[in-house]
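2 protein chains.
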Amino acid sequence: MAAAAPVWSVDPRTGKRRERVALEATTDAVDTAVRAAHTARGALADRPPRAALLRRAADLLDAAGEEIVAAADAETALGPARLTGELARTTYQLRSFAAIVDEGGFLDVLIDRPDPGLTPPRPDLRRYKIPLGAVAVYAASNFPLAFSVPGGDTASALAAGCPVVVKAHPDHPATSELCAGLLRRAAVETGLPADAVGLVHGFRAGVDLVRHPLIAAAGFTGSVRGGRALYDAAAARPHPIPFHGELGSLNPVVVTEAAAVERAERIGAGLAGSMTLGTGQFCVKPGLVLAPEGAAGDRLLASLASAAAATEAGVLLDHRMRDAFLDGVRDRTRLPGVQAPLAPGDGDGEHTVGAGFLTVAAARLADGGPHDLLLEECFGPVTVVARYADDAEIGAVLARLPGNLTATLQLGDAESAGTDPAGRGARLLAEVTPLAGRVVVNGWPTSVAVAPAQHHGGPYPAATSTSTSVGATAVERWLRPVAYQDTPPALLPPELRDGNPLGLPRRIDGRAEGA
Amino acid sequence: MAAAAPVWSVDPRTGKRRERVALEATTDAVDTAVRAAHTARGALADRPPRAALLRRAADLLDAAGEEIVAAADAETALGPARLTGELARTTYQLRSFAAIVDEGGFLDVLIDRPDPGLTPPRPDLRRYKIPLGAVAVYAASNFPLAFSVPGGDTASALAAGCPVVVKAHPDHPATSELCAGLLRRAAVETGLPADAVGLVHGFRAGVDLVRHPLIAAAGFTGSVRGGRALYDAAAARPHPIPFHGELGSLNPVVVTEAAAVERAERIGAGLAGSMTLGTGQFCVKPGLVLAPEGAAGDRLLASLASAAAATEAGVLLDHRMRDAFLDGVRDRTRLPGVQAPLAPGDGDGEHTVGAGFLTVAAARLADGGPHDLLLEECFGPVTVVARYADDAEIGAVLARLPGNLTATLQLGDAESAGTDPAGRGARLLAEVTPLAGRVVVNGWPTSVAVAPAQHHGGPYPAATSTSTSVGATAVERWLRPVAYQDTPPALLPPELRDGNPLGLPRRIDGRAEGA
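What follows is the structure in structure tokens.
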């Protein structure tokens, strides 16, 4: 048997190896991790220990904040400010899910009293949701904390009662080990098995994980290519499992003529800020902007150019990503009719990249062909501005877009107030809604709030399922309903008993209990 | 181009063709039907017309009851009594979904007020669920009404706002045409396009349908082989779509020693009634019964044998199914150690089949090998009784079962009351819960109530998703969430506006509005 390959932590600021962190998990090691997680299911069956685990994990992560931020910065170059914010987001998210566990509404308890007079007769039926089992979580490159080991999928899965095996992202193995250690310690300190959270490294381990018969579901944030391969593997299993993947998103922005006339400079500067945030490495980076031809649109571009040019060159998460960015920009720039008023650059020529943007006539995007490349996500600080002549050209481009995490509208005052004669605001809102999981008006898509009403997903390839990876309802992806028919009161789970001993929000015969 | 093949209605009582009903849909015809359904989306966007359509459809189906029952009986031989009941179930279901549309809770409206102090800051977020688009529904052989053209998937999809293209089952094309005509008339009479409901015939049309780029989701009830092929096609699309398939279920029953001692005769007779209902052609037919060795179990078998023997020979839905049933019984009977105290027979030797059951030692099922055949569904009036020596043997068999729609426990009085020293009732309930979508205690799984708390689904192959095909929550399978961020009040859909103009159940900042 070949020896397991070492896993190195690499400094993206230099491209040099920092330290040897772990070994890639062999098929046997993956099996061991999955079996351990599977065995931990029973310990997570009750809600109070789950809530305690989530809170203890948040406390331990906060307490180790300096160490975590330093480890993550050394591996990702995202910088202490951003990483401190990301850690705060991560621990807020863990505590939010603890509150969700306490409240218990996600159990979706429905109770029907018997009614023998119906066709067919109705027995006593009591339904709630149960955890699916041990789940696989694939960490994202661009969020070493909030979408990785201690991130949203781990938090929502533990909230649901599902043990987790995380497949670490190769861009931050040391941070992953550090966080997994803290999560496992949190489990032990709350009386749960450490194996409620497991960690494996390596590409092959990721494939083994999604194929393992005891893995009941998977969550993924990453590229279309990697995510689709894992989705296909999940679907090809003898027993297919839910695969909740976030694969890619162009995040279109439509700037109306009125908006450009009223505030071209503010929109240009705002766009520059959003597309360069985190060196353009957000899933919700605006990657395609429909802006009007003419003077107002020109002002917008001038403002975008000066704001983007003032952005410092940044380090991408790894050198492979830097190569892909520069190749992607080059291939797009070579297309007929594409111009680069501010060409994205190669920074210091070795490790960094500079922000920029491309322009093209919207009509070029309406017909397919080689310009379809401009409708694909390009990770990094670049966006494509498509100049349109009229509303019909906006519609023609929107009609060609694949699914997105977000769609953004920049509207004029009258359009926002619904007082413009053309009713353009409402029409555009209706036009972009089928394209996205979240619609932003007069703002920017970057910054994804952790909130009950959040939806971070959307039509394929934004997501491979209809669920969200951010926000309270993310817990739903790890659950399935089960109904108990005519079950004697003494045997019913307490969640389903008469008198509501656990004080849960429940619906009886279709109406809120006690309402 | 080859001419489209004719579709014949066949009398299963004779195996003879009755009439030529339609033509199989060519790829072009499928495309036309899907495009027409896709175009009908807008007309279904508002809820009141959807509710009106569902109610009008129920009225028209009821009014044509005699004709429908006659048509369905001629093609399925299910008999007027059963079909009259099935029609009542079908129209009740349509009206139930109309009430669900009126109530609007399924929109799952969540509103979060802005909070700039959070990390990350929280904008104004308003989320609800929108229809996925035109959907494909695959009719089931065994329910020509309730799980076919006017059945649960059609009703829940229309309730969700999704136009439907139904792929008719070849066992009842004339009934399908009749019902589709009434549904299309109901649409027109409520001011909606007839193409809110389309119908296609033919195997190839079914495959074309699931691959069509404008089909946004699919619902299926049928066999593991057919369902898995369509599931695979849905997953292999450039843009995969949700495929909600109900593929197969063994529906295990565990009879404890105490239950057998207390009421062997009642259990035997009840089992005979459940397994022979509809000539054993229910998805929830109990197909594997764990019964104790010894005297009480022997009494149960004697009672089962006499009740099943008294059942009249029945006609299966088609002759292919009859052949598969007889082959399936023969292959199972040839396994070592399998006995047939009441051998399922070939009825009149040509068109009917007689009910029966097989027995085997439970220990034979615990180890894999050729006896695994006994853990596969066999459609028709047969069940397998596995005799166990102790609780360990029960557990060993349960551990080998695939997913099921239902699991049933027959418990003794003390076990039901939770007063037996072994705590066997609670233990068995916990043991079967991971195996099934519905757990029945001291009853039988046949008869699936249409109710808010119903869950008709379960782990694969019972279902290919975590959703249900029966009950109020079935509407969820055709929806996806979308969130609106900082959207001006004038542009918000009325469902999401301040003041709740539509009077919907909503949650604000995680709490019920007005509570």
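For the protein sequence lines, the chains are A and B, in the order given. Mapping the first sequence onto my numbering, position 152 (from 1) lands on 152, and the numbers just tick up by one. Mapping the second sequence onto my numbering, position 435 (from 1) lands on 950, and the numbers just tick up by one. From the three backbone atoms N, C-alpha and C, an ideal C-beta is built for every residue, glycine too.
Cβ pair residue i, residue j closer than 8 angstroms
i: THR464 (chain A); j: TYR231 (chain A); result: yes
i: VAL166 (chain A); j: LEU145 (chain A); result: no
i: ALA474 (chain A); j: SER156 (chain A); result: yes
i: PRO341 (chain A); j: PHE325 (chain A); result: no
i: ILE394 (chain A); j: LEU290 (chain A); result: yes
i: MET275 (chain A); j: THR175 (chain A); result: no
Cβ-Cβ separation, residue j to residue i (assumed contact under 8 angstroms), whole Å
i: ALA186 (chain A); j: ALA37 (chain A); result: In fact, because the Cβ distance is near 15 angstroms, the residues do not count as touching under 8 angstroms.
i: PRO708 (chain B); j: ASP112 (chain A); result: About 35 angstroms; that fails the 8 angstroms criterion.
i: TRP444 (chain A); j: GLY270 (chain A); result: 6 angstroms
i: GLY783 (chain B); j: ALA822 (chain B); result: 6 angstroms
i: ALA922 (chain B); j: ALA951 (chain B); result: 4 angstroms
Exposure of residue i, with buried meaning 16 or more beta-carbon neighbours within 10 Å
i: PRO685 (chain B); result: buried
i: GLN854 (chain B); result: exposed
i: PRO665 (chain B); result: buried
i: ALA904 (chain B); result: exposed
i: ARG477 (chain A); result: buried
i: THR934 (chain B); result: exposed
i: ASP372 (chain A); result: exposed
i: ASP115 (chain A); result: exposed
i: ARG387 (chain A); result: buried
i: ARG20 (chain A); result: exposed
i: LYS800 (chain B); result: buried
i: ARG332 (chain A); result: buried
i: GLY1014 (chain B); result: exposed
i: GLU66 (chain A); result: exposed
i: GLY883 (chain B); result: exposed
is_contact[residue i, chain A] using C-beta, thresh 8 angstroms
i: THR791 (chain B); result: no
i: ARG637 (chain B); result: yes
i: VAL722 (chain B); result: no
i: GLY1014 (chain B); result: no
i: SER663 (chain B); result: no
i: ARG1021 (chain B); result: no
i: ASP574 (chain B); result: no
i: ARG902 (chain B); result: no
i: GLY632 (chain B); result: no
i: ALA748 (chain B); result: no
i: SER962 (chain B); result: yes
i: ALA540 (chain B); result: no
Interface residues of chain B facing residue i [CB-CB closer than 8 angstroms]
i: VAL441 (chain A); result: TYR999, GLN1000, ASP1001, THR1002, PRO1003 and LEU1006
i: PRO144 (chain A); result: Ordered by position in chain B, no residue passes the 8 angstroms Cβ test against PRO144 (chain A), which lies about 16 angstroms from the chain.
i: TYR92 (chain A); result: LEU633 and THR634
Contacts that residue i makes with chain A (C-beta to C-beta distance below 8 angstroms)
i: ARG641 (chain B); result: ALA453
i: HIS882 (chain B); result: Reading off the sequence shown, one finds Asp at residue 882 (chain B), where the question assumed His. In chain order: nothing, as chain A lies at least about 17 angstroms away.
i: PRO755 (chain B); result: TYR231, ALA235, TYR460 and THR464
i: THR771 (chain B); result: Residues of chain A passing the Cβ test: none, with the nearest at roughly 13 angstroms.
Contact with chain B by residue i, beta-carbon distance below 8 angstroms
i: ALA157 (chain A); result: no
i: ASP509 (chain A); result: yes
i: GLY425 (chain A); result: yes
i: ARG89 (chain A); result: yes
i: ALA417 (chain A); result: yes
i: ALA260 (chain A); result: no
i: LEU429 (chain A); result: yes
i: GLY151 (chain A); result: no
i: THR468 (chain A); result: yes
Proximal chain B residues relative to residue i, where beta-carbon distance stays under 9 angstroms
i: GLY437 (chain A); result: ARG995, PRO996, VAL997 and ALA998
i: ILE111 (chain A); result: PRO967 and ALA968
i: ILE130 (chain A); result: THR948 and PRO949
i: ALA472 (chain A); result: LEU625 and GLY1025
i: GLY85 (chain A); result: THR634 and PRO635
Residue i Cβ short of 7 angstroms to the ligand GDP heavy atom set
i: ALA661 (chain B); result: Only the bare structure without any ligand can be found here, which leaves the ligand GDP out of the picture.
Closer than 7 angstroms at the beta carbon, the chain B residues around residue i
i: SER249 (chain A); result: Result: empty, since nearest Cβ-Cβ is about 14 angstroms, beyond 7 angstroms.
Neighbour list for residue i in chain A, Cβ cutoff strictly below 7 angstroms
i: GLY785 (chain B); result: Going along chain A, no residue has its Cβ under 7 angstroms from GLY785 (chain B), so there is no contact; the nearest lies around 13 angstroms.
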